[in-house]
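In the numbering used here, the protein residues as written are 191 to 656.
C-beta: ideal position from N, C-alpha, C; glycine also.
This is how it looks when you write it as structure tokens:
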């Protein structure tokens, strides 16, 4: 710019009188960066020092005449130029940033001194080999020391061919060593771990989540790329529209994600401030049916790939998905049940939930949850509990926990799930299930949230269970 060039070139002429100076601008490389110009120039200068090269300024057709008005020799770098290190001469780069309001900043970078880097201490590494039979694996073991002992190879080269250059067979052997010589010694001494492991037909468990980890756009990629997922999800959406007056609760999970959605996910996971969710991922009446549909479609996709679970566990809402996959209820019945259940819950008073890093019994006793009208909603681990109840008592509990410096985190929820609050709709839901849902014995094993044991026909065929 006329104003900026004049000020900067005049200053350079004064400072570098009788000397040469190479100059350039990051604006020609990346465009007008406004407030980010100074930081970007700093990056450019640091990379020039590191890479021993000065990047060019682009599209210079006619140099500013002011470059030659003083005693300094100023030259704009228009082609990539080497910037070699020289003995006895320190390389430096100056970075200027001039704000519109007159705020100026100048930073001088000096190259770091070159110091010899000591050899890194040897790290233990895995030496892995395998064979189709135990005899073949054992026969390979004594042949390896001759290859390793006194090897001039770099340590990192030793395990590579054995681990990535061969197939992995059932009978496996492992040695842990920091150098080829140490590995050879261990092999000669028989310091080897052996294991026989099947490489196929391994048991797989399905863990199906409840509400709380959802975010807008979470199913978009699967819907576009996986035909089975798309087909099953569309089947669920058609059924849900019939129950919800034409509304499509799944649509928010299928739209392209934005930066705002990413920040909402961070908020859901407790990694930034409170974030606002869209209606489709916050209201119970829309969220629960949508989440059921996405999880069911994902499970059906895994089944189509040949992954048959040896056991399933559905957490909270996820148990309805597990029950449907296990044949306890048909898909139309399960969708109708989830929709009706969500409508009943949505009509209840709102509530809050908070995760607390304390054992269940200690938390209940120390903070007198019964007197506060609060319930233990879940015991997620020996040191992790979830409390649920009306909004104000939960907020008071959170304040007390913070004063006691006990880690806790409020959960993204509209109601106090897994608490006495939901008992208000239990009998109505039981009566509805009796009339509208056909219940059968499980055909695939899954664990009950109520008992912690495998679900059986006596348990899940009772309408009151649901």
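Item                                                                                                      : Value
Under the three-state DSSP convention, the category residue 565 falls into                                : strand
Cβ-based burial, residue 467 [other Cβ within 10 Å; buried from 16]                                       : Only weak support is given to the placement of residue 467: the predicted model assigns it a pLDDT of 43, under 50, and the value that follows is read from those uncertain coordinates. Burial call: buried.
Burial state of residue 289 (16 or more Cβ within 10 Å)                                                   : exposed
According to DSSP, residues forming a beta bridge with residue 288                                        : 294
Reduced DSSP category for residue 571 - H, G, I as helix; E, B as strand; rest coil                       : strand
Straight-line Cα distance separating residue 321 from residue 656                                         : 51 Å
Exposure label - residue 407; buried when at least 16 CB within 10 Å                                      : buried
First through last residue of the beta strand (DSSP E) which encompasses residue 260                      : Taken as a continuous stretch (DSSP letters only), residue 260 belongs to no beta strand (DSSP E), as it is neither H nor E.
Proximal residues to residue 297 (C-beta, below 6 Å), its chain only, five neighbours per side dropped    : 285
Distance, residue 318 Cα to residue 368 Cα                                                                : 14 Å
Among 304, 554, 416, nearest to residue 494 - alpha-carbon criterion                                      : 416
For residue 300, the nearest candidate out of 560, 275, 315 (CA to CA)                                    : 275
Rounded Cβ spacing between residue 338 and residue 363 (contact assumed at less than 8 Å)                 : Not quite, the Cβ-Cβ distance comes to about 14 Å (not below 8 Å), so this is no contact.
Within 8 Å, strictly: CB atoms of residue 260 and residue 203                                             : yes
Residue closest to residue 433, alpha-carbon to alpha-carbon, out of 544, 574, 522                        : 522
Assumed close pair residue 543, residue 606 - CB separation to whole angstroms, cut-off 8 Å               : 6 Å
Assigned secondary structure, residue 272 (DSSP; H/G/I helix, E/B strand, else coil)                      : strand
Touch test, the stretch 589 to 605 against the stretch 526 to 543, Cβ-Cβ under 8 Å, three pairs minimum   : yes
Beta-carbon proximity list for residue 231, same chain, < 6 Å, skipping 5 on both sides                   : 216, 285
Proximity to residue 237 [Cα-Cα], best of 648, 199, 283, 257                                              : 283
Segment contact, 8 Å Cβ cut-off, at least three pairs: the stretch 551 to 561 with the stretch 509 to 527 : no
Of the listed residues 316, 546, 590, nearest to residue 569 (C-alpha basis)                              : 546
Cα-Cα separation between residue 637 and residue 380, rounded to whole angstroms                          : 44 Å
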